[in-house]
Amino acid sequence: MSEILLEVNNLKVEFDVRDGVVHAIDGVSFGIERGQTLGIIGESGCGKSMTAKAIMRMVPHPGKVVDGEILYHHRDKHGRSDEIEIINISKLDPDGSEIRAIRGGEIGMIFQEPMSSLTPVYTAGTLIGEALNLHRLIPQTVGTKMANEIMQFRHVTKEEAREIAIEMLHRVGLPKPEQRVDSYPHQLSGGQRQRVMIAIALSCRPAMLIADEPTTALDVSIEAQILDIMRDLQETEDMAIMFITHNLGVVAEMAKEIVVMYMGKQVEKASTVKIFHEPKHPYTRALLQSIPKVGKRSSARLASIKGMVPDPFNLPSGCVFHPRCPAYMPGKCDKIVPKWQEVEQDHWVRCLLYEDV
Amino acid sequence: MLSYILRRLGYAAIMLVLVSFVSFLIIELPPGDYLTKKLQDLQARGDRSAEMRIDEYRVRYGLDKPLMERYWIWISNFVKGDFGESFQFERPVTEILGNRIGFTVLMAVSVILVQWLIAIPVGVYSATHQYSIGDQIITTLSFIGLGMPGFLLALLVMFFAMVVLKQEVSGLFSQDFKDAPWTIAKFIDLLKHLWIPALVGSVTGIAGLVRIMRGNLLETLGQPFVEAARARGLKNSTVTWKHAVRVAINPLIIILGSETLPSVVAGNALVATVLNLPTVGPLYVSALQSQDMYLAGTVLIFIVFMTLIGNLLADLMLAALDPRIRLE
Amino acid sequence: MVENTKVEQEQISQAYLALVWWKFKKNKMAVIGGIIVVLFYLLCGVLAEFVSPYPLQYQSDYLEARPQRLVFKNTEGKFSLIPAVYGLEEHLDLVMRKRTYMVDETQIYPLALFPKAAEPYKLLGFIPLKRHLFGVNLKAAPGGYAFLFGTDSLGRDVLSRIIFGGRLSLLIGLLGQVGTLVLGSVMGAISGYYGGAVDIIVQRLTEFFGAFPDIPLFMALAAAIPIKWSPILVYFILTLILIFIRWGGLARQVRGLILSLREREYVLAAQSAGASDARLMFRHLLPGTLSHIIVIATLMIPGMILSETALSFLGLGLRPPLTSWGVLLQEVSTVRAIRFAPWLLIPLPFVVLAVLAFNMLGDGLRDAMDPYGGR
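In the order they appear, the protein sequences are chains X, Y and W. Quick note: the first sequence uses this note's numbering, first residue 7, plus one each step. Quick note: the second sequence uses this note's numbering, first residue 3, plus one each step. Quick note: the third sequence uses this note's numbering, first residue 15, plus one each step.
Okay, here's the thing in structure tokens:
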């Protein structure tokens with residue numbers, strides 16, 4: 007059963023600042039299916055976090071979505087109706103009630119900095135309760151069995167919120183959740199805080215979770231635990247995950263499909279297997295060669311990508327990757343902008359090597 | 003938590019003892035005391051019994067004893083509630099201060115209320131609307147406010163009222179009510195007069211608080227937990243007030259205790275002197291000018307006491323508000 | 015090795031200074047503030063005798079005369095681009111029982127740039143000069159006078175007194191700040207560098223003085239200065255008191271900076287190369303905190319100036335015959351003065367302007383010192 011949950015079509019985000027216009031996202035398109043994981047990888051500053059912010063309708067000032075659409079296929083999670091309503095997120099009022107119902111309620115998000123992503127003056131329980139109060143409704147049966155079809159919903163009470171909070175903390179694997187629910191962020195370790203973040207995000211049963219480099223700031227052993235928890239919860243909750251990272255190892259473990267981004271543009275999109283075994287774009291290949299592999303001869307040097315990330319105000323002409331590209335074709339790559347095209351079934355790439363020019 | 007309070011209390015007590023001694027030293031510092039001056043005055047007027055009376059005073063206040071002993075007499079009387087006698091007014095210090103402490107506290111409370119009620123919302127607006135026209139106006143005004151200490155503003159207000167409006171603005175009461183017993187009408191008269199000194203005394207503080215609030219909040223708004231709170235579906239206003247302001251306001255509480263409280267008691271001495279208010283400040287100034295040592299010393303201790311209490315209150319409030327401090 | 019890091023450090027600091035300067039220049043408020051500060055120190059501090067139209071001791075026969083208006087007429091009453099003032103005519107107000115002055119439109123005294131002074135004088139006490147920056151053209155109108163900001167109760171020119179008052183007020187700010195800077199940074203540096211018992215003693219000391227509220231303590235100490243002492247001595251004692259009260263705050267900040275710098279690589283490198291404590295502190299550590307200290311100092315000067323003004327205003331600070339802005343304002347501290355001679359309040363905008371300019375400069379410097387942080 008593959009049912010589309012979120013479609014991003016030709017999304018463009020620009021920052022109009024005094025020194026010029028930065029194209030933070032330049033024509034990105036992808037889709038996420040219910041219950042599946044999409045990985046987005048790229049160097050820092052390539053626009054992967056901005057894509058997540060655009061989906062949450064939280065592009066910071068003075069950035070603007072100038073083109074494209076983000077379509078969210080909304081299905082009532084309390085089962086009040088089976089209809090699927092398509093919402094164009096990029097058209098919503100950024101502080102309106104519709105987008106606020108989606109934020110947290112439909113799409114949860116966890117961040118890179120577990121140390122400072124929790125408001126320091128509130129306990130874990132308070133923060134979970136706050137989210138529950140906004141998004142979680144409790145079904146209430148009214149009258150007899152005959153009237154059972156008329157379901158009513160009410161907000162959670164304080165006691166229920168606490169119970170749910172403890173249960174959520176238990177599910178993310180926090181020891182002694184009955185005590186931890188009253189802990190302040192500074193009393194928790196980095197891994198524990200990220201677990202609380204996940205508990206907050208999942209407490210409202212979102213259909214999708216955006217994880218923006220959730221394990222970058224954590225130790226490797228903690229990282230593995232957090233990834234395990236995310237995978238377990240994804241299965242039980244039937245939740246889609248958009249996993250943003252620069253770590254290829256992590257994304258290989260998590261995602262079924264991968265989007266590779268470079269300087270605000272999507273350069274390749276394919277299933278994880280294909281990306282790792284038949285990478286098409288020179289940038290993807292370079293990224294893969296920069297991972298050390300166990301068993302390889304130690305004399306083999308790790309490849310690094312030559313050159314520097316270009317200045318966002320003066321992007322190179324033609325293909326933005328051409329100054330650093332090992333397969334650079336003079337006269338072509340610096341003149342012609344490559345198109346986004348499907349070179350094989352479900353394998354998209356943006357490179358002149360696969361175009362007849 | 004309890005040990006924290008006890009530790010702070012103990013610290014304040016030690017400070018108070020040290021401070022009282024230093025205050026005493028400072029007050030004793032001027033060569034030649036009030037009595038010597040008074041003696042000369044009386045002799046000049048041909049008062050023959052002067053010397054005897056002054057000597058009587060000397061013995062009574064132990065002025066003929068060595069320094070440490072004088073301090074001991076003074077401080078032990080102080081603890082018993084006997085603050086000595088004002089040479090200038092020839093009445094007990096307790097009596098003179100008693101009349102004024104009520105108004106001093108009233109002024110202090112009004113100034114703090116005015117400061118916080120204005121500064122916090124304005125600072126929050128300024129930070130949440132960074133670089134907007136409103137923010138620029140607020141920033142400019144707060145800048146001018148910082149360069150405009152209360153007593154200069156009080157002078158300007160006096161000038162404006164007298165030369166432009168042809169009105170008196172000094173004092174806290176109209177002529178009719180000055181010595182009248184307390185009635186509703188007198189209270190209303192007080193409120194009518196109170197707002198000008200309260201506002202004048204607040205301006206510098208408001209300007210400072212607005213700038214600190216704006217800076218803190220801007221820094222806080224840039225932190226990940228604010229974005230995380232928004233990503234949970236909270237309204238922007240809820241994110242600002244319940245999360246960002248709640249965290250950004252903590253440093254202001256320290257300022258409330260360590261700067262605002264003592265400055266409204268003491269710093270506004272200048273404003274009160276210009277506007278002729280019946281508070282402790284002008285009393286302190288005149289006591290210092292005429293070397294009225296018991297009065298000046300008592301007021302100095304009173305002010306330092308307020309400072310220590312302010313610091314203590316701020317510490318406790320901060321502990322109550324900020325779990326990071328409370329639970330350490 | 016050490017030399018290398020040192021050279022690198024210098025290169026970095028040069029690039030950093032260029033960046034700071036570039037960012038500072040972009041901030042218009044700060045540049046304006048800086049220019050005003052420089053002008054104040056130049057015109058009042060250095061050139062007061064030249065800039066003011068009358069010498070400090072000059073007393074005219076016109077007591078509490080209101081400011082004379084500028085008119086554009088020559089001595090014959092015809093229009094002229096060179097401004098002039100009308101003469102004053104004494105007049106007794108019988109209702110107020112007070113001497114006032116009426117404008118005498120028949121007397122016209124044209125002003126001039128660089129007019130000859132009534133008497134030759136010495137700039138800063140040793141450079142003999144014969145002309146002022148501006149004043150009445152005594153050649154065209156012998157016996158003329160011009161009091162653009164009026165006169166005080168002794169007939170002294172308010173404008174000239176503001177300029178001379180600025181000299182003392184601005185100087186006390188600067189002197190006090192330099193003293194605070196030296197004492198504060200040395201104590202802070204020692205405390206931060208050595209740590210241990212020295213640190214604890216300095217810390218407790220600053221904490222103790224911190225417990226005293228500034229202004230009341232300042233007032234009490236100032237009141238203890240014997241009245242009989244000479245004005246110059248009072249001036250210096252007052253400056254010392256200011257330093258004494260203010261050094262603690264600076265010491266605390268310097269200590270924090272030193273603590274954070276102590277662990278940097280270049281300091282460790284110098285230490286491992288056997289640099290002495292003093293060399294380490296004054297060659298490596300203090301220069302690293304210099305930029306911050308300058309900013310803190312700039313932002314503290316207005317407080318110094320205002321403290322002096324406030325104290326003198328209350329009659330506890332500088333006393334006549336010294337002339338400072340506070341002394342000038344003291345003359346207008348009575349209701350009578352505000353009502354009958356409101357022009358005596360004119361020093362007030364000058365105080366506010368000076369303080370504002372310092373704040374603008376200091377704020378701009380602080381922003382510029384942090385070139386990577388957007389405000």
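Positions of the beta carbon are idealized from the N, C-alpha and C atoms, including for glycine.
Applying a beta-carbon distance threshold of less than 7 Å, which residues of chain Y neighbour residue i?
i: W:V369; result: G149
i: W:L359; result: L157, F161
Could you tell me which residues DSSP pairs with residue i in its beta bridges?
i: X:A217; result: X:I116, X:F249
i: X:E348; result: X:W354
i: Y:V166; result: Per DSSP, none; premise fails for Y:V166.
i: X:N15; result: X:E75
i: X:H161; result: X:L143
i: X:F21; result: X:V28, X:G69
i: W:Y135; result: W:L143
i: X:E39; result: X:I10
i: W:L125; result: W:V150
Considering only their Cβ atoms, is the gap separating residue j from residue i smaller than 8 Å?
i: W:S183; j: W:L70; result: no
i: Y:A121; j: Y:L201; result: no
i: X:H252; j: X:E13; result: no
i: Y:V241; j: Y:L219; result: no
i: W:I186; j: W:D228; result: no
i: X:M236; j: X:A205; result: no
i: W:M374; j: W:A98; result: no
i: Y:V21; j: Y:V301; result: no
i: X:A107; j: X:N139; result: no
i: W:F161; j: W:Y76; result: yes
i: W:A371; j: W:L195; result: no
i: Y:T275; j: W:L328; result: yes
i: Y:T96; j: Y:F105; result: no
i: Y:I255; j: Y:M319; result: yes
i: X:F282; j: X:M203; result: no
Starting from the beta carbon of residue i, find every residue of chain W whose beta carbon is closer than 8 Å, and list them in chain order.
i: Y:V276; result: S347
i: Y:A230; result: In chain order: nothing, as chain W lies at least about 22 Å away.
Which residues in chain Y have a C-beta closer than 9 Å to the C-beta of residue i? List them in chain order.
i: X:I232; result: Residues of chain Y passing the Cβ test: none, with the nearest at roughly 16 Å.
i: W:A329; result: Inspection of the sequence shows that residue 329 of chain W is occupied by Gly rather than by Ala. Those are V287, Q291, listed as they occur along chain Y.
Tell me whether residue i, by its Cβ, gets closer than 7 Å to a heavy atom of the ligand ADP.
i: Y:V282; result: Looking for the ligand ADP in the displayed structure turns up nothing, as the structure carries no ligands at all.
By the criterion of Cβ-Cβ separation under 8 Å, what are the contact partners of residue i in chain Y?
i: W:L395; result: Because chain W here runs from 15 to 389, residue 395 of chain W falls outside it and cannot be looked at.
i: W:N41; result: Under the 8 Å cutoff, chain Y gives no residues; its nearest Cβ is about 13 Å from W:N41.
Residues of chain X with CB under 9 Å from residue i, in chain order?
i: Y:R248; result: T125, V127, Y128
Note down, in chain order, every chain W residue with its Cβ under 9 Å from the Cβ of residue i.
i: Y:M164; result: V349, I352, R353, P356
i: Y:T222; result: By Cβ distance, chain W contributes nothing, its closest Cβ being about 15 Å from Y:T222, past 9 Å.
Below 7 Å on C-beta distance, what does residue i contact in chain X?
i: Y:K237; result: D101, R106
Ordered list of alpha helix (DSSP H) runs contained in the segment 221–290 of chain X, each at least 4 residues:
Listed in chain order, the alpha helix (DSSP H) runs fully inside the segment 221–290 of chain X are 226–243, 254–260, 278–283, counting runs of at least 4 residues.
Whole runs of the alpha helix (DSSP H) within the segment 59–123 of chain W, excluding any shorter than 4 residues
List check, alpha helix (DSSP H) in window: 62–65.
Quick check: the segment 96–108 of chain X against the segment 71–82 of chain X, are there 3 or more CB pairs under 8 Å?
Counting Cβ pairs under 8 Å, three or more are found: they touch.
Starting from the N-terminal side, write out each stretch of the alpha helix (DSSP H) that is 4 residues or longer and does not extend beyond the segment 74–140 of chain X.
Uninterrupted alpha helix (DSSP H) stretches at least 4 residues long and entirely within the segment 74–140 of chain X occur at 103–108, given in chain order.
Jot down the residue ranges of each uninterrupted alpha helix (DSSP H) in the segment 190–269 of chain Y, minimum 4 residues, whole runs only, in chain order.
If only uninterrupted alpha helix (DSSP H) runs of at least 4 residues are considered, those enclosed by the segment 190–269 of chain Y are 226–233, 252–257.
Can you find at least 3 beta carbon pairs, one from the segment 253–271 of chain W and one from the segment 305–312 of chain W, that sit closer than 8 Å?
Touching, yes.
Does the contact criterion of 3 or more C-beta pairs under 8 Å hold for the segment 154–163 of chain Y versus the segment 282–300 of chain Y?
These segments do not touch.
Using a Cβ distance threshold of 8 Å, determine whether the segment 342–353 of chain W contacts the segment 204–217 of chain W, with at least three qualifying pairs required.
Touching, no, given that fewer than three Cβ pairs across the two stretches are closer than 8 Å.
Is it a yes or a no for the segment 267–277 of chain X touching the segment 73–84 of chain X, going by three-plus beta-carbon pairs under 8 Å?
At 8 Å Cβ cutoff, the stretches do not touch.
Suppose only complete runs of 3+ residues qualify. What are the beta strand (DSSP E) ranges in the segment 60–127 of chain Y, listed by chain order?
DSSP runs (the beta strand (DSSP E)) wholly in the segment 60–127 of chain Y: none.
Report yes or no: do three or more beta-carbon pairs, one from the segment 355–367 of chain W and one from the segment 165–181 of chain W, lie closer than 8 Å?
These segments touch.
Count the CB pairs spanning the segment 100–116 of chain X and the segment 125–132 of chain X that are closer than 8 Å, and state whether there are at least three.
By the Cβ test, the segment 100–116 of chain X is not in contact with the segment 125–132 of chain X, since fewer than three Cβ pairs between them sit closer than 8 Å.
Any contact of the segment 226–240 of chain Y with the segment 184–204 of chain Y, i.e. 3+ C-beta pairs under 8 Å?
No: fewer than three Cβ pairs fall under 8 Å.
Check whether the segment 200–208 of chain W and the segment 222–242 of chain W are in contact - that is, three or more C-beta pairs closer than 8 Å.
With a cut-off of 8 Å, the segment 222–242 of chain W and the segment 200–208 of chain W do not count as touching, because too few Cβ pairs lie within range.
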